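Comments concern the structure below.
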Amino acid sequence: MSAAEKYWDDAQVGDECDSPSYRVTKERILAYADLTGDHTPVHVDEAYAKASHFGGLVAHGLFGLSIADGLKTQSDYRFLPGMSLGWTWDFRQPIRVDDVLHVHFRVDSMRASKSKPDWGIVVLASDLINQDGLTVQSGEHRLMVPRKPGAF
């Protein structure tokens, strides 16, 4: 990680970043299934998945959200550790074995916290994009981020 972590005061609406990439593998999908206990056949049974409308194994929807969140933390644009306030997230296209994903995110809005003056709230609009340029998942992440000491 080469870039310094940002305080809320360092961000501006419109700031954008692309994350590093991540290759989806069958092993990673199976590990996620084991981790979560979700062994739905389209995620773990190749014969079943191939015969389904997906035509092959697909990753869990929440696998994509988890990867998107992790990729953001590896980017050159990241905040000091704060608190996640929630996600609004849509699953648009299936994520398949051998997809190479990255996240494009931007600061969509920000405001100072009313109840905690030493914190600010940032909304990051995010797209999880595959190697073909298709947005497979998208939404926004609301974060509470520390402010610079003395800046409020």
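Residues in the sequence shown are numbered from 851 upward in steps of one, following my numbering.
Even for Gly, the Cβ is constructed at its ideal location relative to N, Cα and C.
Since this is a predicted model, take the numbers as computed values, not measurements.
Of the other Cβ atoms in all chains shown, 16 or more fall within 10 Å of the Cβ of residue 922; this residue is therefore buried. A direct Cα-to-Cα measurement between residue 964 and residue 943 gives close to 38 Å. If you draw a straight line from the Cα of residue 938 to the Cα of residue 930, it comes to about 22 Å. In the DSSP assignment, residue 893 falls within the unbroken alpha helix (DSSP H) covering 891-894. DSSP places residue 877 in the helix class (H, G or I) of the three-state scheme. Going by C-alpha positions, residue 957 is about 14 Å away from residue 988.
Comparing alpha-carbon positions, the option among 883, 970, 949 and 911 lying closest to residue 873 turns out to be 949. For residue 927, the closest alpha carbon among the candidates 981, 885 and 955 is that of 955. Nearest Cα to residue 880 within the set 971, 947, 925 and 990: 947. The three-state reading of DSSP puts residue 916 in helix, counting H, G and I together.
Judged by pairs of C-beta atoms under 8 Å, the region 852-869 touches the region 964-980, as three or more such pairs exist. Bridge pairing for residue 990: 938 and 975 [DSSP]. The alpha-carbon of residue 885 is positioned some 25 Å away from that of residue 993. Taking each of 866, 961, 864 and 945 in turn and checking the Cα distance to residue 916, the smallest one comes out for 945. By the CB criterion at 8 Å, residue 925 and residue 867 fall inside the cutoff.
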